[in-house]
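>
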Amino acid sequence: RYSSCAESYDEAVGDIENAQKDLTLGDFNAVNIVTSGAMTEIDDCQDKQHQTM
92 RYSSCAESYD
102 EAVGDIENAQ
112 KDLTLGDFNA
122 VNIVTSGAMT
132 EIDDCQDKQH
142 QTM
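The sequence shown lines up with residues 92 to 144 when you count with our numbering.
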């Protein structure tokens, strides 16, 4: 079940890593955008999981 979300989780991790870099640069707008994208990746996958149950 969780393996089907692995790609989404990998993308979310990449987004969080990018957010850390943006935070270091003081680009708070980019941090907001990228972390929002990470949350969307996870939420979308979880929603698909619930629909198939």
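Note that beta-carbon positions come from the ideal geometry of N, C-alpha and C, so glycine has one too.
Would you tell me roughly how many angstroms separate the C-alpha atoms of C96 and L116, rounded to the nearest one?
30 Å
> Pull up the distance between the alpha-carbon of N109 and that of V125, whole angstroms please.
7 Å
> In whole angstroms, what separates the C-alpha of Q140 from that of L114?
32 Å
> With a threshold of 7 Å on Cβ separation, who are the neighbours of D101 within its own chain once the five nearest residues in sequence on each side are excluded?
none
> Quick check on G105: does DSSP put it in helix, strand or coil?
Reduced to three states, the DSSP call for G105 is helix.
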